[in-house]
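Residue numbers for the sequence shown follow this note's numbering, beginning at 1 and rising by one.
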Amino acid sequence: QNEDDSIGRCLNKLAIQNYPKDEYEIILVADRCTDNTVQIAAQFQDRFHDFRILEITEVPPGVSPKKYALNKG
């Protein structure tokens, strides 16, 4: 949640690694983010073969937010 200060650096590291981009998938689960995480991540979508951004805006009552995010991803 709210990783706009680090998500760009993280995705840039993945983009410049020496590994075939069609050999892995990136799933970013934005768990109730209130910052610019999704907008920053969206700028990287064209740099990867398989990159999905899932936005979670609310979590059902009685469900662990982290487990919910992991299951959605």
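We put the beta carbon where it would ideally sit given N, CA and C, even for glycine.
All values reported here derive from a predicted model rather than from experimental measurement.
Residue i to residue j, Cα distance in whole Å?
i, j, result
"D4", "E23", "26 Å"
"P60", "N36", "23 Å"
"L70", "V38", "17 Å"
"K72", "L54", "8 Å"
Going by C-alpha distance, which of the options is nearest residue i?
i, options, result
"C33", "A41, P61 and N2", "N2"
"A30", "P60, F48 and A42", "A42"
Checking 9 Å against the spacing of the C-beta atoms, do residue i and residue j come in under that value?
i, j, result
"L28", "I56", "no"
"I40", "L14", "no"
"F48", "K21", "yes"
If you drop the 5 nearest sequence neighbours on each side, which residues of the same chain put their C-beta closer than 6 Å to that of residue i?
i, result
"F51", "I26 and Q45"
Once you ignore the five residues that flank residue i on each side, which residues in its own chain have a CB closer than 8 Å to its CB?
i, result
"E58", "R32"
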